[in-house]
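The structure appears below as structure tokens.
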Amino acid sequence: MFVPHSEIDLKKMFEELSISSLDDLFTHIPETLKLNDGLNVPPSLSELESISDFENLESKNTQNLICFAGGGHYDVYLPQTVKSLTMRPEFMTSYTPYQAEISQGILQVLFEYQSLICDLTDMELANASLYDGATSVAEAISVAINKTKRDNVVISNGFNPNTKEVVNTLVDSNKFNINYVDLVDYLFPEDYVFSQDDAAFVVSLPHYEGSAQDLTSIVHNAKAAGVITICYADPSMLGILKSPGSMGFDIVVAEGQSMGSPLSFGGPTVGWFATRKELARLVPGRIIGESRDSNNTKTYVMTLRAREQDIRREKASSNICTNQTLNAVGSTIHLSWLGPEGLYEIGYQAIQKASYMKQLLTDNNFIVLNHTSSLREFLIETEKSAEEVILEMGSKGFLAGIKYDDNQILVAVTEKRTKAQIDNYVDSLVEVNNA
Amino acid sequence: MHSGGNASSLPLVGGAPEPTINQLSKPGRRASRFPKLDVPVTEINNSAIRNDKPSLPEVSEHDLVMHYSRLAHRNFAVDVGFYPLGSCTMKYNPRFADYVAGLNTFANSHPSTPSAFTQGNLEVLHELEKFLIEITGMDNATFQPPAGASGELTGLLIIKKYLEENNLTNKTDIIVPDSAHGTNPASAKMAGFNVVEVSTDVRGMVNIDDLKELVNENTAGLMLTNPNTGGLFEENIMEISNIIHENGGLVYYDGANLNAIVGVCRPGDMGFDIVHSNLHKTFATPHGGGGPGSGPVAVKAFLKEYLPGPIVEKNDKSYKWYMPKLSIGRMHGYHGNFLVALRALVYMKLLGKEGLDTLGSYAVLNARYLSSVISKVIPLAYNEPCMHEFVATVKDLKKSHKIKAYDVGKALLDKGFHSPTIYFPLIIEEALMFEPTETQTVDTLDDLAETLKSIIDELQGEDVSLEEYPKNLPVGRPNELIPAKHLTVNWGDFELLELTE
Numbered sequence: 227m228f229v230p231h232s233e234i235d236l237k238k239m240f241e242e243l244s245i246s247s248l249d250d251l252f253t254h255i256p257e258t259l260k261l262n263d264g265l266n267v268p269p270s271l272s273e274l275e276s277i278s279d280f281e282n283l284e285s286k287n288t289q290n291l292i293c294f295a296g297g298g299h300y301d302v303y304l305p306q307t308v309k310s311l312t313m314r315p316e317f318m319t320s321y322t323p324y325q326a327e328i329s330q331g332i333l334q335v336l337f338e339y340q341s342l343i344c345d346l347t348d349m350e351l352a353n354a355s356l357y358d359g360a361t362s363v364a365e366a367i368s369v370a371i372n373k374t375k376r377d378n379v380v381i382s383n384g385f386n387p388n389t390k391e392v393v394n395t396l397v398d399s400n401k402f403n404i405n406y407v408d409l410v411d412y413l414f415p416e417d418y419v420f421s422q423d424d425a426a427f428v429v430s431l432p433h434y435e436g437s438a439q440d441l442t443s444i445v446h447n448a449k450a451a452g453v454i455t456i457c458y459a460d461p462s463m464l465g466i467l468k469s470p471g472s473m474g475f476d477i478v479v480a481e482g483q484s485m486g487s488p489l490s491f492g493g494p495t496v497g498w499f500a501t502r503k504e505l506a507r508l509v510p511g512r513i514i515g516e517s518r519d520s521n522n523t524k525t526y527v528m529t530l531r532a533r534e535q536d537i538r539r540e541k542a543s544s545n546i547c548t549n550q551t552l553n554a555v556g557s558t559i560h561l562s563w564l565g566p567e568g569l570y571e572i573g574y575q576a577i578q579k580a581s582y583m584k585q586l587l588t589d590n591n592f593i594v595l596n597h598t599s600s601l602r603e604f605l606i607e608t609e610k611s612a613e614e615v616i617l618e619m620g621s622k623g624f625l626a627g628i629k630y631d632d633n634q635i636l637v638a639v640t641e642k643r644t645k646a647q648i649d650n651y652v653d654s655l656v657e658v659n660n661a
Numbered sequence: 002m003h004s005g006g007n008a009s010s011l012p013l014v015g016g017a018p019e020p021t022i023n024q025l026s027k028p029g030r031r032a033s034r035f036p037k038l039d040v041p042v043t044e045i046n047n048s049a050i051r052n053d054k055p056s057l058p059e060v061s062e063h064d065l066v067m068h069y070s071r072l073a074h075r076n077f078a079v080d081v082g083f084y085p086l087g088s089c090t091m092k093y094n095p096r097f098a099d100y101v102a103g104l105n106t107f108a109n110s111h112p113s114t115p116s117a118f119t120q121g122n123l124e125v126l127h128e129l130e131k132f133l134i135e136i137t138g139m140d141n142a143t144f145q146p147p148a149g150a151s152g153e154l155t156g157l158l159i160i161k162k163y164l165e166e167n168n169l170t171n172k173t174d175i176i177v178p179d180s181a182h183g184t185n186p187a188s189a190k191m192a193g194f195n196v197v198e199v200s201t202d203v204r205g206m207v208n209i210d211d212l213k214e215l216v217n218e219n220t221a222g223l224m225l226t227n228p229n230t231g232g233l234f235e236e237n238i239m240e241i242s243n244i245i246h247e248n249g250g251l252v253y254y255d256g257a258n259l260n261a262i263v264g265v266c267r268p269g270d271m272g273f274d275i276v277h278s279n280l281h282k283t284f285a286t287p288h289g290g291g292g293p294g295s296g297p298v299a300v301k302a303f304l305k306e307y308l309p310g311p312i313v314e315k316n317d318k319s320y321k322w323y324m325p326k327l328s329i330g331r332m333h334g335y336h337g338n339f340l341v342a343l344r345a346l347v348y349m350k351l352l353g354k355e356g357l358d359t360l361g362s363y364a365v366l367n368a369r370y371l372s373s374v375i376s377k378v379i380p381l382a383y384n385e386p387c388m389h390e391f392v393a394t395v396k397d398l399k400k401s402h403k404i405k406a407y408d409v410g411k412a413l414l415d416k417g418f419h420s421p422t423i424y425f426p427l428i429i430e431e432a433l434m435f436e437p438t439e440t441q442t443v444d445t446l447d448d449l450a451e452t453l454k455s456i457i458d459e460l461q462g463e464d465v466s467l468e469e470y471p472k473n474l475p476v477g478r479p480n481e482l483i484p485a486k487h488l489t490v491n492w493g494d495f496e497l498l499e500l501t502e
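Chains A and B, in that order, give the protein sequences. Its first residue numbered 227, the first sequence is counted upward by one per residue in my numbering. Its first residue numbered 2, the second sequence is counted upward by one per residue in my numbering.
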């Protein structure tokens, strides 16, 4: 399958190599290592035969759950225009743009991606993508540690638990101390005192629980102690929230799924990474720069290559090689499609619809734990266990949210949700919770 | 010229530079439209809310589509032409996988959806695990790592945790061949190991004498790819893995070159304890201009409980998530690059036994044939039978005519071919590394060899200025020093200086 060799081709190739069978290619491999009967796998299928197999497999997933889950990945509307442009085979089936002369397309899109992210976050330099939001947080912490040569990481507890697990895996706990700071009333304490041993301050905007605050004064205090400040932002809210750069942050990272990627069961998505020029040489991953060719024509190239693993080997700023370029292409085209009005609109509508939903839940005797400080995502309390509620809401056609605690659910609203869906959700939740 | 050659040159031909999307922006234009808000408006009071609109381009949908389509026209790709790019396995990516990856709940499941509602997705990962462990000869796999380098780091963190659990914390050295991919030493360093380099012998294989000298009580493990980066099968692989095992270390297989041996032999039978695979190489998922990939890690049973998780387990009729007891933790926010894994499963199911049993054989056949015809034009680095890729060298042409590997690569671009990998492995002077993959026809291989011959003749001409190549593309050879010096990395910078060198 997909092997083009005809009998005539094989004859020609065997003659060139003076062999008489494919097996003759491997006379130098020890006999004991060879697979004599081949692999124990099912027989080959034609595309026509396998269509129904894969459609059946897909149908084993519960269909058309209306999504009220967030936690970093959001059911934001992804326009067909963005999908079909991103999946153009010239982008999708190309390799890393090492050969600039035949890769100006991808290189320019990535230059635009970096520029859009800089504009949106008020930063000066973005890289050309990392794996996802969680690994981007770990990479940012590593930049802060390398810059400050300090051993202590201050990280807000208001993070997706999975993100914290990734940080715990990737930041060596034998060498560095990771200090999780609890939120107070779902907000980071304004009076937190940073020490001269702190390398990094990491906080989420909004917090995982959905509450948001202007972090300017906390960032100011951290920087006064020489700490590198890292903001984990929600891209789909950047149209309506103050930019992390305007709050003074040194590094901005994000889970970029909501800009240009379908939910994809969590991957592939894209990790955004942006910072200030001072930290340029510590940045992980590829960076695209503008140059000129021999005729003085504007030409995009990969730049600051001396940070990367293929050149610096064990002295590289990160081991990352393959990144998430195609998802970065998706972010670029989606942001350009949205424009300033569109990005504002998805943030504004999400917050308005969440406000309506919080009030409706309160009117139905549910407790919204962070009613006032939350924006498009919030915590509710349930009588029944969160797990049971989520399972039973599933049978009513809703993905009710993410289990936060035994009796607490994190609920997210996007611009895609309608008043009717919200009304039905609350009706169903009343039934499930009181049953 | 049969194919590959001129087929790709047309879409990439010159023209004026494309403006940036920002330069196309005019106030008041927009592509996006949304339904009217259908709930009553509430006043939003939060100190984090901004008072102005974000800074983004304002373009019409038609302008947007034309802009990104024109950029697509300036990009080489597997669907456009031949990439004989060593170490990258740029094979054909089946279109059918795009269809499957676009099916509703595959594409649109929220990653926090409970397993009760995502049995299909879990089955995808379970089925793919079965294929993968059979092909590699291992026992269990995780799909957490989103790329090959992340798979390497996963493997090294498993070695570290395994050594800690067995009170062998004195073992701090990872041995890496001097011919290894750069990610190997970078990953070893990230995992907190010391990197020790083992040399390559004159035949192009691991220098066994050197290895024996380097191995001691501090050896934690060895990272190796087989075939190695010179495209040669390490014939003494059993002796190599025994040397490491006898000293209490583990042996890690870098799956970058797995395509050579699929259906021929298996890392698990060669003594490897941990294997990562690059689904975006061996199993035909598209490279996406640099990603996404997927770097699943498979291990022998004694290492299962160290895998990053959660991993999928099947009990009776249903699938559930399982967190291994001694897990190194998570390597990804959720389940790795699920849709890439799905595409790989599509590819494996289409190939099935007939296709997978012969996959490595056809990949090697194409490389061996190409090495034979190219050796008549440029000498090969090693006088050994190659596997799925091989290395040629122009060090003699550099001496005689100042023609570098870089120049040959650039001249090939003009003829509609991607350059081979150049200057890798680092131990070979003026290296050109070719990997044709099994999906190219013999005509395309002949075409490449003929084109190389004509280029080399041309470059040796008297009045040739090597810097002028390529000549027929949207841009010429770039000055790569400018952005590093002046760092124009976003469109807000206008500091482009006059070219002085």
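Backbone N, C-alpha and C fix where the C-beta goes; we use that ideal spot for every residue, glycine too.
- Residue 492 of chain B sits in coil when the DSSP states are folded into three classes, being neither helix nor strand.
- Against residue 31 of chain B, the close residues of chain A are 565, 567, 568, in the order they occur along the chain (beta-carbon pairs closer than 7 Å).
- In this structure, the CA atom of residue 552 of chain A is about 18 Å from the CA atom of residue 97 of chain B.
- Sequence-distant Cβ neighbours of residue 238 of chain B in its own chain, meaning closer than 6 Å and more than five residues away, are 227, 271.
- Against chain B, the beta carbon of residue 577 of chain A has neighbours under 7 Å at 45, listed in chain order.
- Taking 8 Å as the cut-off, the beta carbon of residue 188 of chain B is found closer than this to the beta carbon of residue 150 of chain B.
- For residue 537 of chain A, the uninterrupted alpha helix (DSSP H) segment begins and ends at 535-538.
- Contact between the stretch 375-382 of chain B and the stretch 293-303 of chain A is absent, with fewer than three C-beta pairs closer than 8 Å.
- Chain B places no beta carbon closer than 8 Å to that of residue 460 of chain A, leaving this residue out of the contacts.
- Less than 8 Å separates the beta-carbon of residue 314 of chain A from that of residue 73 of chain B.
- The contact set of residue 230 of chain B on chain A, defined by CB atoms closer than 9 Å, is empty, because the minimum CB distance reaches about 12 Å.
- Only 105, 106, 107, 108, 109, 110, 111, 112, 113, 114, 115, 117, 118, 119, 120, 121, 122, 124 from the stretch 105-124 of chain B bring a Cβ to less than 8 Å from some Cβ of chain A.
- Here residue 409 of chain B is buried, its C-beta having at least 16 other C-beta atoms within 10 Å.
- Beta bridge pairing from DSSP links residue 606 of chain A with A/594, A/635.
- Annotation: residue 160 of chain B to residue 251 of chain B spans about 7 Å, alpha carbon to alpha carbon.
- Around residue 445 of chain A, the same chain offers 455, 473, 474, 475 as residues with beta carbons nearer than 7 Å, after the five sequence neighbours per side are excluded.
- In the three-state DSSP reduction, residue 329 of chain B falls in the coil class, being neither helix nor strand.
- Residue 440 of chain B sits close to residue 229 of chain A, with the two beta carbons spaced by under 8 Å.
- Residue environment analysis places residue 234 of chain B among the buried positions, since at least 16 neighbouring C-beta atoms fall within 10 angstroms of its C-beta.
- Taken in chain order, the complete beta strand (DSSP E) segments of 3 residues or longer contained in the stretch 250-302 of chain B are 251-254, 275-277, 298-300.
- Counting only the Cα atoms, residue 477 of chain A lies some 6 Å from residue 457 of chain A.
- Per the DSSP secondary-structure output, residue 426 of chain A pairs in a beta bridge with A/379, A/454.
- Inclusion of residue 248 of chain A and residue 267 of chain B in the CB contact set at 8 Å is not warranted, their separation being larger than that value.
- C-alpha of residue 393 of chain B to C-alpha of residue 387 of chain B: approximately 11 Å in a straight line.
- When A/499, A/494, A/361, A/654 are compared, the shortest CA-CA separation from residue 470 of chain A is found for A/499.
- Nothing from the stretch 408-425 of chain A brings a Cβ to less than 7 Å from some Cβ of chain B.
- Contacts between residue 317 of chain A and chain B, judged by CB atoms closer than 8 Å, involve 73, 76, 78, 289, 290 in chain order.
- For the 8 Å CB-CB criterion, residue 390 of chain B and residue 434 of chain B form a contact.
- Taking 8 Å as the cut-off, the beta carbon of residue 506 of chain A is found closer than this to the beta carbon of residue 488 of chain B.
- Under the Cβ criterion of 8 Å, residue 51 of chain B is counted among the residues facing chain A.
- Beta-bridge pairing by DSSP links residue 174 of chain B to B/195, B/220.
- Closer than 8 Å to the CB of residue 450 of chain A there is not a single CB belonging to chain B.
- When C-beta atoms of the stretch 280-297 of chain B are compared with those of the stretch 81-101 of chain B, three or more pairs fall below 8 Å, so the two segments count as touching.
- Under the three-pair Cβ rule at 8 Å, the stretch 305-313 of chain B does not count as touching the stretch 555-570 of chain A.
- Interface flag for residue 188 of chain B against chain A is set, since a Cβ pair is found closer than 8 Å.
- Taking 8 Å as the upper bound on Cβ-Cβ separation, chain B lies near residues 359, 360, 361, 386, 388, 389 of the stretch 359-390 of chain A.
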